[in-house]
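Notes to accompany the following structure.
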Amino acid sequence: MDQINETGTNNTDKSKNMDKIHESGKKYTFEDLREIMRTLRSENGCPWDRRQTHESLIPCLEEEAGEVIDAIRNQDPENLCEELGDLLFQVMSHSQIAEEKGLFTIDDVVDGVSAKMVRRHPNVFGDEKVNSSEEGLDLWNRIKTEEKSKKEQKTLTK
């Protein structure tokens with residue numbers, strides 16, 4: 001993956017190395033994806049990517065989510081893998097934009113969703129017991145309602 005500037009020339013040796021990772025038969029990692037996103041939005045990156053905002057990316061996010069749904073409905077695992085990648089790239093894009101604004105990072109997103117999953121599954125990560133998927137869903141919904149109530153109370157006291 002060569003990093004190309006607006007004149008069509010390579011900007012850095014680092015971007016050339018990104019392409020060599022895949023050519024060597026190794027798989028790209030999450031950290032590689034993070035670096036790709038940063039490079040695309042950097043001063044020497046892609047002009048289109050640099051111009052994007054949360055708002056301008058809404059149609060892309062909707063399209064990619066829809067394509068994930070279509071792949072699931074079509075029972076097409078190969079396409080599902082590709083479309084999940086596109087959706088992940090949308091998450092990375094929004095996280096990078098937020099990081100540039102000093103709002104949050106992709107690490108904050110990962111931490112937040114991980115904490116939420118652990119918190120909402122005390123039957124797996126704690127001492128709660130459930131005997132069915134219905135009980136598990138009821139527990140999830142109860143915890144979610146409690147969390148939203150606490151969040152609303154915090155908002156009201158600000």
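Residues in the sequence shown are numbered from 1 upward in steps of one, following our numbering. Glycine is no exception: its CB is placed at the ideal position from the N, C-alpha and C atoms. As the structure is a prediction and not an experimental result, all values here were calculated from the model.
Please determine if the region 60-73 and the region 27-47 are in contact, where contact requires at least 3 C-beta pairs separated by less than 8 Å. In this structure the region 60-73 does not touch the region 27-47; the number of beta carbon pairs closer than 8 Å is below three.
Measure the alpha-carbon distance for G102 versus S132 and round it to whole angstroms. 43 Å
Between the region 88-97 and the region 41-53, are three or more C-beta pairs nearer than 8 Å? yes
Exposed or buried, what is M37 when buried is set at 16 or more other beta-carbons lying within 10 Å of its beta-carbon? buried
Given S56 as reference, the closest of K150, I97 and E152 once Cα atoms are compared: It is I97.
Report the rounded CA-to-CA distance for R73 versus K158, giving the unit in angstroms. 44 Å
Segment limits, alpha helix (DSSP H) that includes G112: I106 to R119
Would you tell me roughly how many angstroms separate the C-alpha atoms of T53 and K129, rounded to the nearest one? 44 Å
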